[in-house]
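K.L.:
Residue numbering for the sequence shown is -28 to -1, 1 to 1011, as defined by mature numbering (1 follows the signal peptide of the UniProt record, and there is no 0).
Think of the CB as a built atom: it goes at the ideal place given N, C-alpha and C, for glycine as much as any other residue.
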Amino acid sequence: MAGSGCRWLPRPALWLPWLALWLPAAAAFNLDGSSPVLKDGERGSLFGAAVALHRQLSPEPAGWLLVGAPQALALPGQGANRTGGLFACPLTPELSDCWRVPIDEGADPQRESKENQWLGVSVKSQGPGGKIVTCAHRYEVRHRVRQPLETRDVIGRCFVLSQDLSVRDELDGGEWKFCEGRPQGHERFGTCQQGLAAAFSPDRRYVLLGAPGTYNWKGTLRVEQLNQSSLDLLRLDAGPFEAGGEKDQDPSLIPVPANSYFGFSVDSGAGLTRRQQLSFVTGAPRANHTGAVVILRRDSANRLVAEAVLAGHQLTSAFGHAVAVLDLNSDGWMDLAVGAPHFFERQEEIGGAVYVYINPGGLWDSATPLRLNGSRGSMFGAALSSAGDLNHDGFEDLAVGAPFDGAGKVFIYHGSALGIVTSPAQVLDGEAVGVSAFGYSLSGGLDVDGNLYPDLLVGSLSDTVVLYRARPVIHVSRNVSLLPPHIDLEQSTCRGQDGVCPAFLTISAVLFFLTLALLSLIFLVFTLLSLVFLILTFDDIRDKLRPIAVTLAFAIGGTRGWHRAGRGTALPPLSPALSPRQPSTHRAEVHFLRQGCGDDKICQSHLELRLRFCARVGDSDFLPLPRDEDGTAIFAMSDQKDVALEVQVTNEPSDPLDPQKDGDDAHQALLVATFPPELPYAALRPDEAGGLGDKVLCLANQNGSRVECELGNPLKRGAQVRFFLILSTSGISIHTTDLAVELELSTTSEQPGLGPVVARARVVIELPLAVTGVAMPPRLFFGGQVLGESAVKRESQVGSAVRFEVTVSQRGPVLKTPGSAALTVQWPLELPNGKWLLYPLSLELGTPPVPCSPPANPLRLTMDCARGTAHCRLFRCPLPSLERSELRARGRLWNGTFLEEFLDVENLELIVRAGVSVTSPHGNVVIKDAEVQMSVSLHLDPGVSVTGVPWWVLLLAALLGLLLLALLVLGLWKLGFFRRARAVPPAVPRFRAVRIPWEQRPQAREERTGTIQRHQWVAGPGHQHGDNLGDGSRTPGSA
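1. Taking the DSSP output, what are the residues bridged to residue 34?
2. Just to confirm, is the Cβ distance from residue 815 to residue 851 under 7 Å?
3. Could you tell me the boundaries of the alpha helix (DSSP H) in which residue 1098 lies?
4. When burial is assigned at 16 or more other CB atoms within 10 Å of the CB, is residue 835 buried or exposed?
5. Distance, Cα to Cα, residue 1024 vs residue 731?
6. Report yes if the C-beta distance between residue 44 and residue 56 is below 7 Å; otherwise report no.
7. Residue 256 and residue 233 look like a contact to me (Cβ under 8 Å); what is the Cβ gap, rounded to whole Å?
8. Whose C-alpha, out of 591, 419, 706, 824, is nearest the C-alpha of residue 858?
9. Within 10 angstroms of the Cβ of residue 905, are there 16 or more other Cβ atoms? Answer buried if so, exposed if not.
10. How would you label residue 377, buried or exposed, when you count the other beta carbons within 10 angstroms and need 16 or more for buried?
11. Mark residue 141 as exposed unless 16 or more other C-beta atoms lie within 10 angstroms of its C-beta, in which case mark it buried.
12. Please state whether the Cβ-Cβ distance between residue 281 and residue 309 is less than 7 Å.
13. I'd like to know whether the C-beta atoms of residue 106 and residue 128 end up nearer to each other than 7 Å.
14. Looking at the unbroken alpha helix (DSSP H) that takes in residue 869, where does it start and where does it end?
15. Alpha helix (DSSP H) containing residue 425: first to last residue?
16. Which residues in the same chain have their Cβ closer than 6 Å to the Cβ of residue 494, if we skip the five residues on either side of it in sequence?
17. Apart from the five residues just before and just after residue 186, which ones in its own chain have a Cβ nearer than 6 Å to its Cβ?
18. Let me check one thing: in DSSP terms, what residues is residue 586 bridge-paired to?
19. Classify residue 576 as buried or exposed, calling it buried when 16 or more other Cβ atoms lie within 10 Å of its own Cβ.
20. Am I right that residue 94 and residue 168 are in contact with their C-beta atoms under 8 Å? What's the rounded C-beta distance?
21. I think residue 274 touches residue 219, with their Cβ atoms under 8 Å apart; what is that distance to the nearest whole Å?
22. Can you tell me which of the three DSSP states residue 336 falls into?
23. Taking the alpha-carbon positions, what's the residue 593 to residue 614 distance?
24. Round the Cβ separation of residue 379 and residue 408 to the nearest angstrom and send it over; I've been treating them as touching at under 8 Å.
25. Between the beta-carbon of residue 695 and the beta-carbon of residue 616, is there less than 7 Å?
26. Can you have a look at residue 248 and say buried or exposed, based on whether 16 or more other CB atoms are within 10 angstroms of its CB?
27. Indicate the three-state DSSP secondary structure (helix, strand or coil) for residue 821 in the structure shown.
28. Within the same chain, show all residues whose beta-carbon is closer than 8 Å to that of residue 654, passing over the 5 residues directly before and after it, in chain order.
29. For chain C, check one thing: does any of its Cβ atoms lie closer than 7 Å to the Cβ of residue 681?
30. On the criterion of 16 or more Cβ atoms from any shown chain inside 10 Å, does residue 748 qualify as buried, or is it exposed?
31. Ignore the nearest five residues each way along the sequence and tell me which others in residue 754's own chain have a CB closer than 7 Å to its CB.
32. Beta-carbon within less than 6 Å of residue 137's beta-carbon, same chain only, minus the 5 sequence neighbours each way: which residues are those?
33. Under 6 Å Cβ to Cβ from residue 802, same chain only, skipping five residues before and after it: list those, please.
34. Would you list the one or two residues that DSSP bridges to residue 653?
35. Any idea what DSSP makes of residue 143, helix, strand or coil?
36. Using 10 angstroms around the beta-carbon of residue 559, count the other beta-carbons present and answer buried if the total reaches 16, otherwise exposed.
Encoded structure:
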């Protein structure tokens, strides 16, 4: 450290939190989860199935937690085992001090049955000093008792109590049974189930009773006036009012089909359809299988007429299971929240939903709901309640129960001027208090502990209820001033010596605290803080532009002065909470008067950045890369190990005519460069032409993807910095099509508009390959015997062996992931007539050897198995790397083909070609010198001579021919081929042969007589045709 008067400086950021000792600690929300009030009921009684907050004003003020237990044991005299009941719990820390409200103590078995009537299924309170209603929706009226045709009607009944939980006036008691005496049967009022849902109107005039079992489970809603004095009965809107008509009892007037459970949930509010007009809301969770919510109004015929029907959005979602009317945005129009606990979406893991309708000025047809979603299987939306204005920001808040989200949860959503805030401000978890099915019922919007903030009562199905009290909210207003407002480092403040002496900084903070407390008093807390700091200054201080930051943080540090207990409560008071809408910190800054910044002491720099890619020639010479038509640099990647990015930064006035406008010193000028993985940072080279490039210092991260270069502190007015960033090309592959480097300037001087600049270059891959090949031996001879393909059984019978070796190597740096690079061999496999020429035995690439395709040795000679000849002439060998690969190919001349086809050829050359091909998906690869040719000279074996045919072969062939001719002639002669043709004799008559004795023969007579007779068919020498005698005989002279 420089300077002589330096002392220790306490950092303001470490010292100022001491202020928190006077201020309350901040909280995200003001429902106190650290000390909730738990109340237990009878096991198995469903204590907590319905809850209500109630505040009694007379005869003595008191706050009560009203809890329904519909499965509580029956009282003596009720003639039943379980009837249910209503319990009241005081505001004490005790766990089991709830007592049963003495109602419905007797029974008349001749006309009613209270067994399993579920008293306490619904509980509601009018508010401070108001009445209470609780119902038993399964209360039965008996007809024809102990007779064969005895019937029971499940009509239900409700009890109305005064504010002190007793029956005081004529309207109190359990005679609220509007279905009694009406037509029986499930088509009418036999299964009325009045009181499954009950509520009070906000003007305290009416009680709302839902009866979902009427009209074949279509359901109905009845609105009845609580005050029935003579003046009240004379009013036009005295009622009672009923959906379907109190007198008409017409189910067709109810705008939902049968089995809709109309009246399953009820609520009311003024300003739903018209300002200041009371409307009633009821849910029908089974209407049209999707559920529906109906908004109704009163008419002059004592009917509740539907004004709007909101349909459900998903089948079986139970839309309308719960409803809540509240003003979320404080616009005077009541909004609506509708629970659909069975809504689900399997893919998004949604189980349960709440639809929030922001009232569009009473035009509900144009209302678009906002859906809040719960987790899978949580039944989110099974219970809804207005929580009142929990944090006193002027907007009502909403509480949503999800009883099966783990052990159960309750979500608190804030209202705002824009509607509901979709992120929950607070989540109450049943697991934190050891309660399961937590959040099955809710009651809020009422202050029971007397601190003017509404509390929240949460019921469950595990016989436990939990009260969460709201903490008071503190609103803080602060004002911080710093003296002196600026520190001048150029002005000497020491007497008798040079330099800058330590400076003193005084901080004054004025804080105001406002909160609502008991008796509606407003407490004002005023605090003045005056702090003195010693600011050390040094001659070689680096950061002269960044201000000294002073942060004032305030939080709850204790509860002193806040222990003000509310009236009528034995619970300990709660500490307040800071308003979550206000920041809990305040930041102020004191600035240095800056050097080199003109008369106004404000540095306004004008940094400009110019970039271009260059090729590196030698160690320090660089040439700009050529550019495309659009101005993009083209980087031809071959054997370069790196590429350079030229960076030039200037700080000159933007307007030479007005140099004082900007161009001041740029303090802490910094350049941040971000490089892609293909182009990491390697080194820095300053510009040898001079300038400030040699003063630039660059620091890179471990993998070279980010570099920070300090350009100067400050970079003076008119300065220029030029340097080169050397980038490695080791990461470039054939898949690299372009390069992008992002650079951004920054300075602590004032210069708006500094943003990132991207330098781009298009990549063209040039592969400088070296492909060499050799044939061994280069000269071959053919000769011997001619053997057919089927006669060849061994490799040695094919012909002379030849071996080819091809080497592929890449000059320069090797590309990563070459992709589909392959070595293609043009193998002279056969002649055009299909005869084998050069028989391939094997083609293998690299070590370990990788076979090429198609496979060589198609006849499988080594396995003594014959196959059809192959016709493919190209062999493709995949190249795993272009660094260095060797191909070893073996083959043999097919001796028979050369003896048959080339016997008279003196010299024959056999050529084998090999080439490298690279398939790039982007078409940016150029290959150079990627082919090689290998030739083998073929000659006839000198030992094979061509001679004439021996004479004895010719003689033997002639003799065999003569013998064959003789045999042929002999055969033809034997067959009569050489016989002459003769004349055919005339035909003579044929007679049947008869033996004639000699004495009767003509010869015998002629011998005896000496006369020779000539027959007529014997012709003589002088016989002429036609000279026959008449008897056929001729004269002797004519013979």
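P.N.:
In this structure, then:
1. Beta-bridge partners of residue 34 (DSSP): 28.
2. Cβ atoms of residue 815 and residue 851: not closer than 7 Å.
3. No statement about residue 1098 is possible, as the shown extent of the chain runs from -28 to 1011 and does not include it.
4. Because residue 835 sits at a pLDDT of 28, beneath the cut-off of 50, its placement in the model cannot be relied upon, and the point is left open.
5. One cannot answer for residue 1024 here, as it falls past the ends of the chain, which runs -28 to 1011.
6. In this structure, residue 56 lies closer than 7 Å to residue 44 by Cβ.
7. Residue 256 to residue 233, Cβ: 6 Å. Contact.
8. Residue 858 has its Cα closest to that of 824, out of 591, 419, 706, 824.
9. Exposure of residue 905 is indicated by the presence of fewer than 16 other C-beta atoms within 10 angstroms of its C-beta.
10. With 16 or more neighbouring CB atoms inside 10 Å of its own CB, residue 377 falls in the buried class.
11. With fewer than 16 other Cβ atoms within 10 Å, it is exposed.
12. Their beta carbons are not under 7 Å apart, which means residue 281 does not touch residue 309 by this criterion.
13. Judged by their CB atoms, residue 106 and residue 128 are not nearer to each other than the 7 Å cut-off.
14. If you look at residue 869, you'll find it in the alpha helix (DSSP H) that goes 867 to 873.
15. Per DSSP, residue 425 belongs to no alpha helix (DSSP H) and is neither H nor E.
16. Confidence in residue 494 is poor, its pLDDT being 39 and thus under 50, which makes the residue's placement unreliable; the coordinate value appears in the next sentence. None.
17. These residues qualify, in order along the chain: 161, 164, 192.
18. DSSP links residue 586 through a beta bridge to 596, 616.
19. With 16 or more other Cβ atoms within 10 Å, it is buried.
20. Right, the Cβ-Cβ distance comes to about 7 Å (below 8 Å), so this counts as a contact.
21. Right, their Cβ atoms sit about 6 Å apart.
22. Correct three-state label for residue 336: helix.
23. So the alpha carbons of these two residues sit roughly 13 Å apart.
24. With 8 Å as the limit, residue 379 and residue 408 qualify as a contact, their Cβ atoms being about 5 Å apart.
25. The answer is no: Cβ separation not under 7 Å.
26. The residue is exposed, with fewer than 16 neighbouring Cβ atoms inside 10 Å.
27. In the structure shown, the three-state DSSP call for residue 821 is coil.
28. By the criterion of a C-beta distance shorter than 8 Å, residue 654 is surrounded in its chain by 614, 676, 698, 699, 700, once the five residues flanking it on both sides are discounted.
29. Going by chain labels, chain C is absent from the structure shown, which holds only one protein chain.
30. Exposed, since its Cβ has fewer than 16 Cβ neighbours within 10 Å.
31. Counting only Cβ-Cβ distances below 7 Å, and skipping sequence neighbours, we find 771, 772, 865, 867, 870, 871, 910, 912, 913.
32. 60, 73, listed in sequence order.
33. Here the set comprises 808, 809.
34. Answer is 699.
35. When DSSP states are grouped into helix, strand and coil, residue 143 belongs to the coil group.
36. That one is exposed.
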